[in-house]
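Visitor:
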Amino acid sequence: MTPGAAASSWEVLRATALSCTKCPLAEGRTNVVFGVGDPHADLLFVGEGPGHQEDLAGEPFVGRSGKLLDRLMLEEIGLTRAQCYIANVVKCRPPQNRDPAPAEIEACRPYLEEQITHINPTVVVALGNFATRLLLDRAEGIRQLRGAVYPYRSGHLVPTYHPAYVLRAGGEALAEMRADLIRAKRLMGRGT
Ligand code: URA
Ligand code: SF4
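Numbering-wise (the working numbering), the sequence shown opens with residue 6 and increments by one.
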């Protein structure tokens with residue numbers, strides 16, 4: 006594909022998602038939260054789904070979890086959100102922040118898969134159970150799966166905790182998340 010065609014296919018994908026009504030989450034949303042950052046980034050973060058603030062802003066991880074994510078990506082990897090890409094498993098907010106349902110995850114999955122194809126990142130960091138289980142096609146929880154690197158497409162996947170969990174759990178979980186981000190940095194060839 007020529008660069009122009011690639012850019013336009015990304016815009017088509019984005020526009021399609023922004024008007025999507027493929028699942029019931031369309032009903033309660035304010036904004037479809039497609040993603041943010043550099044669509045050519047080496048590093049992709051995948052969260053679960055928009056919360057209240059993200060639904061209002063139309064941008065992922067703008068609330069308290071996002072502040073922690075921004076801080077950790079800068080401190081451990083040296084990148085800002087503009088230099089990576091951030092997306093979610095579901096693009097519309099589940100009501101009352103409930104877990105996304107399996108049918109909603111499946112309905113939304115093609116958007117994420119196409120985003121990953123287009124971005125073609127070296128490293129995907131999966132934040133929490135929903136992103137990790139979906140992308141690795143594994144049933145175990147994040148506690149079992151984190152702490153290792155998994156082959157993913159032509160690159161690598163690093164599972165870590167969701168920042169909302171780290172905000173609640175603190176201490177050891179925070180140290181483990183930092184260690185996971187250092188793993189991601191090494192895989193990107195960004196030093197020790
Ligand atoms: N939690 C998520 O999983 N994604 C967001 O965008 C915000 C909070
Ligand atoms: Fe479409 Fe995904 Fe929103 Fe469901 S969550 S309406 S599949 S964009």
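Note that beta-carbon positions come from the ideal geometry of N, C-alpha and C, so glycine has one too.
Note that the structure is a prediction, hence the values are computed from the model and not measured.
Give the single residue among Q88, G71, R114 and V17 whose Cα lies nearest to the Cα of L28.
Guide: Leu is not the amino acid found at residue 28; the sequence shown has Cys there. Of the residues Q88, G71, R114 and V17, the one whose Cα lies closest to the Cα of C28 is R114.
Visitor: Would you call the CB atoms of N93 and V171 closer than 8 Å?
Guide: no
Visitor: Between S70 and the ligand URA, is there a pair consisting of the residue's CB and a ligand heavy atom that are separated by less than 7 Å?
Guide: yes
Visitor: Rounded to whole angstroms, what's the CA-CA distance from E53 to F66? Just pull it up for me.
Guide: 10 Å
Visitor: With 16 as the cutoff for other CB atoms within 10 Å, does Q120 come out buried or exposed?
Guide: Result: buried.
Visitor: Any heavy atom of the ligand SF4 closer than 7 Å to the beta-carbon of L61?
Guide: no
Visitor: According to DSSP, Y90 sits in a beta bridge with which residue or residues?
Guide: G42 and L49
Visitor: In terms of DSSP beta bridges, what is V154 paired with?
Guide: Note: V154 sits in no beta bridge, so no partner.
Visitor: Which same chain residues, not among the five before or five after G68, have their C-beta less than 6 Å away from its C-beta?
Guide: G56 and Q58
Visitor: Is the region 157 to 165 touching the region 81 to 97 in the sense that three or more CB pairs, one from each, lie closer than 8 Å?
Guide: no
Visitor: Do K198 and A144 have their C-beta atoms within less than 8 Å of each other?
Guide: Within the shown structure, residues of the chain are numbered from 6 to 197, placing residue 198 beyond reach of any answer.
Visitor: Taking 7 Å as the limit, name every residue whose beta carbon sits nearer than that to some heavy atom of the ligand SF4, in sequence order.
Guide: A22, C25, T26, K27, C28, L30, A31, R34, V37, V95, K96, C97, E109, A112, C113 and Y116
Visitor: Just reading off the beta strand (DSSP E) that H161 is part of, what are its end residues?
Guide: G160 to T165
Visitor: My output table needs one value for L132: the three-state DSSP class, helix, strand or coil.
Guide: strand
Visitor: Identify the continuous alpha helix (DSSP H) that holds A144 and give its terminal residues.
Guide: Looking at the DSSP string, A144 is not in any alpha helix (DSSP H), and its letter there is neither H nor E.
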